[in-house]
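In this note's numbering, the protein residues as written are 4 to 214.
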């Protein structure tokens, strides 16, 4: 930790409203709560500030997603708990919660640039499998994801004159982020993931080309 530098973690307990009421789905509130508990128990906690997210600006998702897709998520969410594909569920809170973290991604990116302080968002549902119109690059499902927070943060920085490098170290390929940023000359997207698993959309050496 750089001397005097504190990590701001954006957290909102409302994330737990997005949940499978039967407790059978791995995209579960415990993913965030257990991570937060581990941080609280660590020496790093003394260098962390918990920050509330801003209230949702429903236009944030439209920075990278088609309006038809955003409207679909809003409509599906209003119907209560159900699956919108074989992997991905929504409930009556999903659109609101995903919009909160979409807004947080945009504002955290801009605040970090302005202040020089690092931000981390403990967000649910996930984001990096969600493409511009939903399923991305031929993936069979949305992979538990709704809005692509990484791409939203990057777009906020592009709009303010910055270039962005994204390093995605999730075990799964961030196919949504790659699709959205594929033709963006201000983005360098590096994705390190396990081969042979979901979503099966990328392989070594597949490059857009030099910038």
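The C-beta atom is built at its ideal place from N, Cα and C for all residues, glycine as well.
Other residues of its chain near residue i: CB distance less than 7 Å, five sequence neighbours each side excluded
i, result
"residue 189", "161, 166, 167"
"residue 183", "67, 134, 135, 151, 154"
"residue 90", "144, 145, 146, 147"
"residue 141", "204"
"residue 4", "Since pLDDT at residue 4 reaches only 46, below the 50 mark, its modelled position is unreliable, and no value is offered."
"residue 201", "146, 175"
"residue 28", "92"
Residues bridged to residue i (per DSSP)
i, result
"residue 10", "51"
"residue 82", "Beta-bridge pairing links residue 82 to no other residue."
"residue 113", "According to DSSP, residue 113 bridges with nothing at all."
"residue 92", "86"
"residue 155", "Note: residue 155 sits in no beta bridge, so no partner."
"residue 193", "170"
Among the options, the one whose alpha carbon lies nearest that of residue i
i, options, result
"residue 70", "204, 202, 136, 8", "136"
"residue 82", "16, 144, 106, 98", "98"
"residue 122", "25, 29, 17, 56", "56"
"residue 12", "43, 26, 72, 21", "43"
"residue 177", "15, 139, 27, 79", "139"
"residue 16", "103, 72, 74", "103"
"residue 158", "78, 175, 77, 64", "64"
"residue 84", "201, 14, 156, 20", "20"
"residue 80", "39, 23, 38, 108", "23"
"residue 60", "108, 181, 201", "108"
"residue 14", "7, 28, 32", "32"
Spatial neighbours of residue i in its chain, beta-carbon cut-off 8 Å, leaving aside the 5 residues before and after
i, result
"residue 214", "The predicted position of residue 214 is uncertain, since its pLDDT is 44 and thus under 50; a value taken from the coordinates is nonetheless stated next. Same-chain partners within the cutoff: 188, 191."
"residue 199", "none"
"residue 34", "127"
"residue 72", "135, 136, 137"
Distance between residue j and residue i (C-alpha atoms, nearest Å)
i, j, result
"residue 96", "residue 197", "32 Å"
"residue 18", "residue 125", "9 Å"
"residue 173", "residue 30", "15 Å"
"residue 47", "residue 36", "16 Å"
"residue 9", "residue 94", "35 Å"
"residue 101", "residue 62", "12 Å"
"residue 212", "residue 26", "Unreliable placement is indicated for residue 212, whose pLDDT of 47 sits below 50; the coordinate value is still reported in the next sentence. Going from the Cα of residue 212 to the Cα of residue 26 covers about 44 Å."
"residue 120", "residue 110", "13 Å"
"residue 193", "residue 41", "28 Å"
"residue 171", "residue 203", "16 Å"
"residue 195", "residue 149", "21 Å"
"residue 58", "residue 106", "8 Å"
"residue 75", "residue 156", "22 Å"
"residue 45", "residue 39", "10 Å"
Residues near residue i by beta carbon distance below 6 Å, same chain, minus five either side
i, result
"residue 86", "92"
Any chain C beta carbon closer than 9 Å to residue i
i, result
"residue 12", "The question asks about chain C, but that chain is absent: this structure has only one protein chain."
Query raised in the report: Using 8 Å as the Cβ pair cut-off and three pairs as the minimum, do the segment 111 to 119 and the segment 127 to 134 touch?
Result: The segment 111 to 119 vs the segment 127 to 134: no contact.
Requested in this report: Determine, using beta-carbon pairs with one atom in the segment 45 to 54 and one in the segment 148 to 164, whether at least three such pairs fall under 8 Å.
Outcome: no
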